[in-house]
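To start, the structure under review is shown below, and the notes come after it.
There are 2 protein chains.
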Amino acid sequence: MKKIRLFTPGPCTVPEEVLIEMARPFEHHRTAWFKELFAECTTQLKQIFLTANDVLIFTGSGTATAEGAIVGCNPTGSKILTIEGGKFGERWGKIADQFGIPAVRHKVEWGHAVEPGVIEDYLKKDPAITSVMVVHSETSTATACDLEAIGRVCRAHDRLLLADCITSAGALPLRIDDWGVDVAITGSQKALLLPPGLGFASVSERAWKVIEQNPQQSSFYLNYNQARKAAEKNDTPYTPAHLLVRGLRVALRMLLDEGLENAWKRVAAMANATRSAAQAMNVEVFSKSPSDSVTALNVPAGVDESKLRKALRDKYGIHTAGGQDHLSGKIVRFSHMGFIDSVDMLGCIGALEHTLFSLGHGFDVGAGVAAAQKVFVERT
Amino acid sequence: MKKIRLFTPGPCTVPEEVLIEMARPFEHHRTAWFKELFAECTTQLKQIFLTANDVLIFTGSGTATAEGAIVGCNPTGSKILTIEGGKFGERWGKIADQFGIPAVRHKVEWGHAVEPGVIEDYLKKDPAITSVMVVHSETSTATACDLEAIGRVCRAHDRLLLADCITSAGALPLRIDDWGVDVAITGSQKALLLPPGLGFASVSERAWKVIEQNPQQSSFYLNYNQARKAAEKNDTPYTPAHLLVRGLRVALRMLLDEGLENAWKRVAAMANATRSAAQAMNVEVFSKSPSDSVTALNVPAGVDESKLRKALRDKYGIHTAGGQDHLSGKIVRFSHMGFIDSVDMLGCIGALEHTLFSLGHGFDVGAGVAAAQKVFVERT
Chain D
1 MKKIRLFTPG
11 PCTVPEEVLI
21 EMARPFEHHR
31 TAWFKELFAE
41 CTTQLKQIFL
51 TANDVLIFTG
61 SGTATAEGAI
71 VGCNPTGSKI
81 LTIEGGKFGE
91 RWGKIADQFG
101 IPAVRHKVEW
111 GHAVEPGVIE
121 DYLKKDPAIT
131 SVMVVHSETS
141 TATACDLEAI
151 GRVCRAHDRL
161 LLADCITSAG
171 ALPLRIDDWG
181 VDVAITGSQK
191 ALLLPPGLGF
201 ASVSERAWKV
211 IEQNPQQSSF
221 YLNYNQARKA
231 AEKNDTPYTP
241 AHLLVRGLRV
251 ALRMLLDEGL
261 ENAWKRVAAM
271 ANATRSAAQA
281 MNVEVFSKSP
291 SDSVTALNVP
301 AGVDESKLRK
311 ALRDKYGIHT
321 AGGQDHLSGK
331 IVRFSHMGFI
341 DSVDMLGCIG
351 ALEHTLFSLG
361 HGFDVGAGVA
371 AAQKVFVERT
Chain E
381 MKKIRLFTPG
391 PCTVPEEVLI
401 EMARPFEHHR
411 TAWFKELFAE
421 CTTQLKQIFL
431 TANDVLIFTG
441 SGTATAEGAI
451 VGCNPTGSKI
461 LTIEGGKFGE
471 RWGKIADQFG
481 IPAVRHKVEW
491 GHAVEPGVIE
501 DYLKKDPAIT
511 SVMVVHSETS
521 TATACDLEAI
531 GRVCRAHDRL
541 LLADCITSAG
551 ALPLRIDDWG
561 VDVAITGSQK
571 ALLLPPGLGF
581 ASVSERAWKV
591 IEQNPQQSSF
601 YLNYNQARKA
611 AEKNDTPYTP
621 AHLLVRGLRV
631 ALRMLLDEGL
641 ENAWKRVAAM
651 ANATRSAAQA
661 MNVEVFSKSP
671 SDSVTALNVP
681 AGVDESKLRK
691 ALRDKYGIHT
701 AGGQDHLSGK
711 IVRFSHMGFI
721 DSVDMLGCIG
731 ALEHTLFSLG
741 HGFDVGAGVA
751 AAQKVFVERT
């Protein structure tokens, strides 16, 4: 018996109902059938983002969607502040560089969240900065920042706030309109119960004022103005992966039927249980500001990371993510996103506990699952 | 009973086996599992393109893939000649404009193919032209050009040849290496038996020499250099729609099991049968140089285009495409691509014949299907 259990922080487990939906007979995408799908998905995405802003749908990854936002929001004369505390933050800075957008690239130690006051200092000191790009949940380090406070800073200093919400939308508390996030981007393959292939962006009126006066932007396929024009007719400018949009409708219905705040609680319970179990097993949590959508654990001294992850995969079908760059071999990451809940997470923690014990790590067997169980009893 | 029959020139009918394959339990994309999938698909795509060149896989539409090619092959100092005889040719010129690439945009009357000699004249007269972009099969007008002859011209004058093979790869005779096509792009949702969401490009050594010395190109997500670097490890730089890649392997196996030349013959038989039936029903073929992958028929005088297409859809589940821009209401397009063969096409021609008769168009009932049948008997 081989069962695949995706605890990777994207792609995540997709409900069978969504996979089956995408296998059903389909029509062309320039039809009333697709327009209805598209309209419903747009409405659902607004409910996920808690926004009245426009929401755009792109065929491509989160990176594609972020590229469109960074290029669109930074016409000639702009300057972007990027906050880089991991692989994804660094990527957004690289995009600015690639397109010749002047960028202040602020580095944050991996595993730490940026202090909103630091962003405020930049904005006070450098009036040329027109936009700020932050990562709400930095997947590479399993670290979350205080996006709400950053939103207040950007509003107070009247700068555009772009946020990578790829592993926060649908998983962590996120209130686009209340927090004043101008562009929030996310991808289909994280908390939104879909396979990879679609990216989504909410865009505020403030952001549109910049984007729509930026006709010479270096974007065609990822051009936000074109995407908005088409979306007004429930359409896309270029051929979309329309079966993924079809799956999206079913996936978001499931998420919204659960209730957005209930989904946040489900995810938070799994994250808290995992952190609590780690402590009970003498394993450290890597991040100083852990995200609830993914937990990074330090591989204990004396334990071989590749053996640990291989055993989880081969014996239990549990797929995890390792560390990137200088964290390679040092951390293991477990997602709390996708079609998983406390039952799955407890099983996963049990497998981790069993494996750590087998690899000679010292702790009381049963302490991990017991600690996790206490969290679940309290929270669910 | 409601049966959907896609005779739209993309998306086309996808085999049930491909749809089911994509609904099966899946793993993460940074795994040996995916690398094996990716490697096999790359090999298969080379067999489809008849090339030893690198082949790249992008998550996005054919437009995305074309954008990456146009931008990558035209660094500062370049000049592109675009051949525009329909919606897609025009789009490639617009991309050049959007990115500030100097372009000579040669217009061709819709429904006509460019003469290779015309391209040669441009290349002789204007040494500044460094690349030529042509559409092999212009879907909007159902018109094919002589890509082989254009390849000879570009080789003789040492210019890069970029070809939109979106509705030719897998459908029309296409020999990338023999014909000297430097970059050929195509999409998943046409002849390659997959839903929309992936784009593919073959890239010659000549093209790489230009692309790799173009680090400042305005592409990040669609950057060919990054895609090649990742593809060398059977990977993608950014998260791919990996379930579509999984479906692709099954789809291309089916196509290659049929045999590429047999697939070309299957498509050509359907196109010839449709044109022959049209003549027998007093209906004109729009194009003066018809592509075999899609047939555009002029709507006969006295017949209402919307009534014709609506009847085909409502009564028979046959989805067709209308005309675009000034051809709107004047033509109906029938695809010969996807998971369809002579049996499907004869049924479709029968439905068209019945509908034309019901709408009062004058011809001998039965003449259409009989003419089609003669072609199929001869060719299949």
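Going down the list, the sequences are from chains D and E.
Every letter in the first sequence is one number past the one before it in the working numbering, and letter 209, counting from 1, is 209.
Every number in the working numbering is 380 more than the matching position in the second sequence, counting from 1.
Yeah, the Cβ is synthetic: ideal placement off N, Cα and C, and Gly gets one too.
- Counting C-beta pairs with one atom in each stretch, the stretch 385-403 of chain E and the stretch 17-24 of chain D have three or more that are closer than 8 Å, which means they touch.
- Within the model, the alpha-carbon separation for residue 718 (chain E) versus residue 736 (chain E) is close to 25 Å.
- For residue 598 (chain E), the C-beta contacts it makes with chain D under 9 Å involve 71, 98, 99, 100, 218, 219, in order along the chain.
- Note that the C-beta distance between residue 482 (chain E) and residue 459 (chain E) is below 7 Å.
- Between residue 617 (chain E) and residue 606 (chain E), the C-beta gap is smaller than 7 Å, which places the two residues in contact.
- The C-beta distance from residue 566 (chain E) to residue 442 (chain E) rounds to 7 Å, short enough to fall under 8 Å.
- Contacts with chain D at 7 Å (Cβ-Cβ) include residue 399 (chain E).
- Cβ-Cβ separation between residue 759 (chain E) and residue 652 (chain E): approximately 7 Å, consistent with a contact (criterion under 8 Å).
- When DSSP states are grouped into helix, strand and coil, residue 580 (chain E) belongs to the strand group.
- Rounded to the nearest angstrom, the Cβ distance from residue 388 (chain E) to residue 699 (chain E) is 5 Å, consistent with a contact under 8 Å.
- Around the beta carbon of residue 408 (chain E), 16 or more other beta carbons sit within 10 angstroms, so the residue counts as buried.
- By the neighbour-count criterion, in which a residue is buried when 16 or more other Cβ atoms sit within 10 angstroms of its Cβ, residue 672 (chain E) is buried.
- Collapsing the DSSP output to three states places residue 464 (chain E) in a strand.
- The residues 520, 704, in chain order, have a CB closer than 6 Å to that of residue 467 (chain E) in the same chain once the five nearest residues on each side in sequence are set aside.
- 567, 569: these are the residues of the stretch 555-570 of chain E whose beta carbon lies less than 8 Å from some beta carbon of chain D, given in chain order.
- With contact defined as three or more Cβ pairs closer than 8 Å, the stretch 655-667 of chain E and the stretch 471-488 of chain E are not in contact.
- What residue 26 (chain D) touches in chain E, judged by beta-carbon distance under 9 Å, is 384, 386, 391, 394, 399, 575, going in chain order.
- For residue 681 (chain E), no CB of chain D lies under 7 Å from its own CB, so it is not counted at the interface with that chain.
- Ranked by how close their Cα comes to the Cα of residue 584 (chain E), the residues E:550, E:541, E:601, E:569 have E:541 in first place.
- A Cβ-Cβ distance of about 18 Å is found for the pair residue 41 (chain D) and residue 183 (chain D), leaving them out of contact under the 8 Å criterion.
- Annotation: the continuous alpha helix (DSSP H) that includes residue 48 (chain D) extends over 32-49.
- Secondary structure at residue 7 (chain D): coil, using DSSP grouped into helix, strand and coil.
- Assigned with DSSP and collapsed to three states, residue 133 (chain D) falls in strand.
- Contact of residue 475 (chain E) with chain D is assigned, a C-beta pair being separated by under 7 Å.
- When C-beta distances to chain E are compared with 8 Å, the residues of the stretch 56-86 of chain D below that value are 59, 60, 61, 62, 63, 64, 67, in chain order.
- Under the Cβ criterion of 7 Å, residue 243 (chain D) is counted among the residues facing chain E.
- Neighbourhood of residue 725 (chain E) in chain D, by CB distance below 8 Å: empty, with the nearest CB roughly 18 Å away.
- Counting only runs of 4+ residues, the alpha helix (DSSP H) found wholly inside the stretch 88-171 of chain D occupies 116-125, 147-156, in chain order.
- Residue pairing for residue 713 (chain E): DSSP places it in a beta bridge opposite E:676, E:701.
- Contact residues of the stretch 695-726 of chain E toward chain D are 699 (C-beta to C-beta distance below 7 Å).
- Between the C-alpha atoms of residue 557 (chain E) and residue 120 (chain D) there is a straight-line separation of about 57 Å.
- With respect to the C-alpha of residue 427 (chain E), the residue from E:498, E:532, E:553, E:588 having the closest C-alpha is E:553.
- The beta carbon of residue 631 (chain E) does not come within 7 Å of any beta carbon belonging to chain D, so the residue lies off that interface.
- Each residue's CA atom was taken as its position, placing residue 738 (chain E) and residue 730 (chain E) some 12 Å apart.
- Spanning the alpha carbons of residue 300 (chain D) and residue 233 (chain D) requires a straight line of approximately 54 Å.
- Between residue 114 (chain D) and residue 145 (chain D) a beta carbon distance of about 5 Å is seen, short of the 8 Å cut, so the two are scored as contacting.
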